[in-house]
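Take a look at the structure set out below.
Protein chains: 2
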Amino acid sequence: MKRFNKIAIIGVGLIGGSIGLAIKNKRLAKTVVGICRRKVSAKAALKAKAVDIATLSYKKGLKNTDLVIIAAPVGRIVEIAEKVAKSSDGSLILTDVGSTKEKIVSHLERSMPNHIEFVGAHPMAGSEKSGVSAASKNLFKNSICIITKTKKTDEKAFNEVKTFWKKLGTSCKILSPKDHDDFISFVSHLPHVAAIALTNAANPGSLEFASTGFKDTTRIASSNPNLWHDIFIANKDALLRALSDYRAALEGIERSIKTGNTTALIDLLKRAKTIRDSLN
Amino acid sequence: MKRFNKIAIIGVGLIGGSIGLAIKNKRLAKTVVGICRRKVSAKAALKAKAVDIATLSYKKGLKNTDLVIIAAPVGRIVEIAEKVAKSSDGSLILTDVGSTKEKIVSHLERSMPNHIEFVGAHPMAGSEKSGVSAASKNLFKNSICIITKTKKTDEKAFNEVKTFWKKLGTSCKILSPKDHDDFISFVSHLPHVAAIALTNAANPGSLEFASTGFKDTTRIASSNPNLWHDIFIANKDALLRALSDYRAALEGIERSIKTGNTTALIDLLKRAKTIRDSLN
Numbered sequence: 132m133k134r135f136n137k138i139a140i141i142g143v144g145l146i147g148g149s150i151g152l153a154i155k156n157k158r159l160a161k162t163v164v165g166i167c168r169r170k171v172s173a174k175a176a177l178k179a180k181a182v183d184i185a186t187l188s189y190k191k192g193l194k195n196t197d198l199v200i201i202a203a204p205v206g207r208i209v210e211i212a213e214k215v216a217k218s219s220d221g222s223l224i225l226t227d228v229g230s231t232k233e234k235i236v237s238h239l240e241r242s243m244p245n246h247i248e249f250v251g252a253h254p255m256a257g258s259e260k261s262g263v264s265a266a267s268k269n270l271f272k273n274s275i276c277i278i279t280k281t282k283k284t285d286e287k288a289f290n291e292v293k294t295f296w297k298k299l300g301t302s303c304k305i306l307s308p309k310d311h312d313d314f315i316s317f318v319s320h321l322p323h324v325a326a327i328a329l330t331n332a333a334n335p336g337s338l339e340f341a342s343t344g345f346k347d348t349t350r351i352a353s354s355n356p357n358l359w360h361d362i363f364i365a366n367k368d369a370l371l372r373a374l375s376d377y378r379a380a381l382e383g384i385e386r387s388i389k390t391g392n393t394t395a396l397i398d399l400l401k402r403a404k405t406i407r408d409s410l411n
Numbered sequence: 132m133k134r135f136n137k138i139a140i141i142g143v144g145l146i147g148g149s150i151g152l153a154i155k156n157k158r159l160a161k162t163v164v165g166i167c168r169r170k171v172s173a174k175a176a177l178k179a180k181a182v183d184i185a186t187l188s189y190k191k192g193l194k195n196t197d198l199v200i201i202a203a204p205v206g207r208i209v210e211i212a213e214k215v216a217k218s219s220d221g222s223l224i225l226t227d228v229g230s231t232k233e234k235i236v237s238h239l240e241r242s243m244p245n246h247i248e249f250v251g252a253h254p255m256a257g258s259e260k261s262g263v264s265a266a267s268k269n270l271f272k273n274s275i276c277i278i279t280k281t282k283k284t285d286e287k288a289f290n291e292v293k294t295f296w297k298k299l300g301t302s303c304k305i306l307s308p309k310d311h312d313d314f315i316s317f318v319s320h321l322p323h324v325a326a327i328a329l330t331n332a333a334n335p336g337s338l339e340f341a342s343t344g345f346k347d348t349t350r351i352a353s354s355n356p357n358l359w360h361d362i363f364i365a366n367k368d369a370l371l372r373a374l375s376d377y378r379a380a381l382e383g384i385e386r387s388i389k390t391g392n393t394t395a396l397i398d399l400l401k402r403a404k405t406i407r408d409s410l411n
């Protein structure tokens with residue numbers, strides 16, 4: 132892979148900051164610039180050494196940039212991409228790290244000008260923590276990064292984004308935006324809904340008896356509310372389908388408990404154990 | 132606390148084995164005997180050094196025993212207690228480690244003969260692993276042990292069981308059997324149902340994208356199917372009530388996503404975050 136001249140990261144929080152640290156660690160670009168919304172974030176990004184330069188100006192940040200990574204909440208990715216289109220003129224590859232893909236990719240494939248090639252990406256790493264102070268150069272190591280591909284995706288840009296994420300230590304998987312949203316609703320968005328509902332449903336008196344089981348199951352209920360609001364809304368259709376499947380699975384267990392159907396209940400428990408055991 | 136002459140542990144698996152190791156580590160008894168169902172379990176208990184003596188005979192195991200701990204699945208506790216009653220004549224304290232309490236305690240308070248004082252207990256520690264080979268003398272360290280108390284509970288026996296669990300490193304909490312079952316249904320049994328349903332609902336194609344979020348949320352779906360079948364059935368009433376509250380919490384989130392009600396959705400996310408953040 133060629134070394135990039137300048138990579139711009141828009142939004143230098145946990146994910147953007149970790150990307151910056153990893154780029155610098157792997158020397159994948161001559162310069163890493165962070166484009167921030169507020170002065171305090173720019174200062175924090177510099178302090179964490181996640182970027183070489185931090186600026187609030189898109190014009191300045193995008194000058195001579197060959198790769199731009201939008202590391203903002205899904206609800207803001209499209210508006211940021213359009214600001215990138217207006218503030219740049221040299222050709223560049225644009226990618227994102229959004230947890231939902233169909234709406235973002237189809238919108239940007241229509242709206243981006245010729246000098247910008249957009250490739251959707253979703254590195255599957257994170258933390259219930261947030262902010263550049265929690266960033267780590269190893270956040271993506273041994274994790275999965277999904278790169279989306281459609282009929283309109285530029286082959287060269289796609290390969291560069293894929294190679295970039297490989298260099299950051301991820302295993303890259305290729306999916307259509309729709310398959311991405313369907314699959315991720317089951318393994319990420321639905322578990323968040325389940326964890327939030329478990330936490331909110333718990334009788335307050337019961338919480339002092341919470342042990343590792345409850346704590347592990349609900350860990351992700353501590354995630355950033357605004358971020359997850361955006362994700363739930365952006366992936367609404369796939370998430371509502373997954374929720375409906377989840378409700379059916381819950382009802383199956385509930386019915387077998389209510390009727391004391393030992394065979395059915397043991398079958399459901401064994402099925403879950405077999406699937407879950409296969410994941411480690 | 133007086134040192135016990137002989138403590139018998141009936142069922143030397145993960146929990147029973149860890150109790151044996153902890154008793155020996157803390158020198159709480161002159162002898163620890165394991166009463167096992169099968170020769171192979173007796174051998175494994177001895178090999179793990181979880182007990183000093185292992186036997187298949189209740190008569191032999193219970194001779195001169197002052198404390199008996201039933202560490203068997205909840206579905207078997209009552210029948211084992213009745214076997215203890217038949218196979219012993221000296222006075223002894225009987226306790227258990229069952230994850231449900233109301234049915235067990237009310238049954239044994241009626242059926243135990245005068246020479247046996249029963250005190251219900253539930254150490255809130257465990258693992259998705261099972262068997263004496265996974266036992267550890269530190270399993271209970273810094274965990275919670277719930278001891279149940281009713282009008283019929285003998286004060287002296289209650290205090291001895293409480294002191295015993297304190298010596299094993301747990302923080303003891305006192306609850307009525309009904310409160311125990313209600314509270315534990317929320318923080319233990321319901322999360323198991325949720326994890327099993329999440330695992331079973333997941334689109335098979337999605338599993339290769341499972342990351343830490345999914346893995347943590349579903350870890351306990353790997354638990355022993357027979358053990359959890361028994362727990363779900365034994366705590367049926369409280370669990371069905373908790374499931375109904377859980378369904379309402381899920382529906383609240385689902386409705387706010389469906390209607391795009393940002394205020395309601397953010398409120399639910401924030402509420403969960405506040406509660407979950409308070410637990411660490």
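Top to bottom, those sequences are chains A and B.
What the first sequence shows, in the working numbering, is residues 132 to 411, in sequence order.
What the second sequence shows, in the working numbering, is residues 132 to 411, in sequence order.
Ideal placement from N, C-alpha and C gives every residue a C-beta, glycine not left out.
As the structure is a prediction and not an experimental result, all values here were calculated from the model.
Inspect the CB distances between the region 167-185 of chain B and the region 289-302 of chain B and report whether three or more fall short of 8 Å.
no
Under the rule that 16 or more other beta-carbon atoms within 10 Å means buried, what is B:ASP312, buried or exposed?
buried
Mind listing the chain B neighbours of A:ILE397? Cutoff is C-beta to C-beta under 8 Å, in chain order.
PRO356, ASN357 and HIS360
Assuming contact is defined by CB atoms lying nearer than 7 Å, are B:THR231 and B:VAL205 in contact in what I supplied?
yes
Using a cut-off of 7 Å between C-beta atoms, extract the partners of A:TYR377 located in chain B.
For A:TYR377, the C-beta contacts it makes with chain B under 7 Å involve ALA328, LEU329 and ALA332, in order along the chain.
Within the chosen definition, does the region 336-345 of chain A reach the region 384-401 of chain B through at least 3 CB pairs nearer than 8 Å?
no
Return the residues of the region 379-396 of chain B that lie within a Cβ-Cβ distance of less than 7 Å from chain A, sorted by chain order.
ALA380, LEU381, ILE384, GLU385, ILE388, LYS389, GLY391, THR393 and LEU396
Give me the Cβ distance between A:TYR377 and A:LEU321, rounded to the nearest whole Å; I'm assuming they're in contact under 8 Å.
6 Å
Applying a beta-carbon distance threshold of less than 8 Å, which residues of chain B neighbour A:LYS129?
Nothing about residue 129 of chain A can be read from this structure; chain A reaches only from 132 to 411.
Using beta-carbon positions only, say whether A:ILE146 and A:ALA202 come within less than 7 Å of one another.
yes
CA-CA distance, B:VAL318 and A:ILE397?
21 Å
Nearest to A:THR390 by CA position, among B:ALA256, B:LEU358, B:LEU371 and B:ALA379, is which residue?
Ranking the options by Cα distance to A:THR390, first place goes to B:LEU371.
Do B:LEU152 and B:LYS283 have their beta-carbon atoms positioned less than 7 Å apart in this structure?
no
Considering only the beta carbon of each residue, do A:GLU286 and A:ILE224 sit closer than 7 Å?
no
When you compare only the Cα positions, how much space is there between A:THR162 and A:ASN156?
Each residue's Cα considered, the two are about 12 Å apart.
Taking the alpha-carbon positions, what's the A:VAL143 to A:VAL215 distance?
16 Å
Under a CB-based cut-off of 7 Å, is B:ARG207 close to chain A?
Chain A contact via Cβ: absent.
In three-state terms, what does DSSP make of B:HIS253?
strand
From the beta carbon of A:ILE275, is the nearest beta carbon of chain B less than 7 Å away?
Taking Cβ atoms only, chain B reaches closer than 7 Å to A:ILE275, which makes this a yes.
Would you check if the distance between the CB atom of A:VAL263 and the CB atom of A:GLY148 is smaller than 7 Å?
yes
Quick one: which chain B residues come within Cβ less than 7 Å of A:MET243?
Those do not exist, as A:MET243 stays about 26 Å from chain B at its closest Cβ, beyond 7 Å.
CB-CB under 7 Å to B:LEU358, same chain, minus the five flanking residues each way: which ones, in chain order?
PRO204
Go ahead and label A:HIS360 buried or exposed: buried means 16 or more other beta carbons lie within 10 angstroms of its beta carbon, across all protein chains shown.
buried
What is the rounded straight-line gap between the Cα of B:MET255 and the Cα of A:ILE351?
22 Å
Identify, in the order they occur along the chain, each residue of the same chain with its Cβ nearer than 7 Å to the Cβ of A:SER112, setting aside the five sequence neighbours on each side.
Within the shown structure, residues of chain A are numbered from 132 to 411, placing residue 112 of chain A beyond reach of any answer.
Tell me whether A:ILE305 is buried or exposed, calling it buried when 16 or more other Cβ atoms sit within 10 Å of its Cβ.
exposed
Figure out for me which residue from A:ILE140, A:SER375, A:VAL250 and A:ASN334 has the closest Cα to the Cα of A:LEU193.
A:ILE140
I'd like to confirm the pairing. Which residues does DSSP put opposite B:LYS304 in its beta bridges?
B:ILE277
Less than 7 Å separating the beta-carbons of A:THR279 and A:PRO308?
yes
I need the boundaries of the alpha helix (DSSP H) containing A:ASN136, first residue and last residue.
A:ASN136 -> not in any alpha helix (DSSP H); beta strand (DSSP E) instead, spanning 135-141.
Output the distance between the C-alpha atoms of A:ALA288 and B:SER353, rounded to the nearest integer angstrom.
42 Å
Distance, Cα to Cα, B:LYS191 vs A:LYS346?
42 Å
Would DSSP call B:GLY206 helix, strand or coil?
In the three-state reduction of the DSSP assignment, B:GLY206 falls in the helix class, which pools H, G and I.
Please look up how many angstroms separate the CB atoms of B:PHE135 and B:LEU198, rounded, as I've assumed it's under 8 Å.
5 Å
Could you tell me which residues DSSP pairs with B:THR186 in its beta bridges?
B:ILE166
Within a Cβ cutoff of 7 Å, which residues of the same chain sit near B:ILE362, ignoring the five residues on either side of it in sequence?
Exclusion of the five residues before and after B:ILE362 leaves VAL205, SER230, THR231 and HIS320 as the residues of its chain whose Cβ lies within less than 7 Å of its Cβ.
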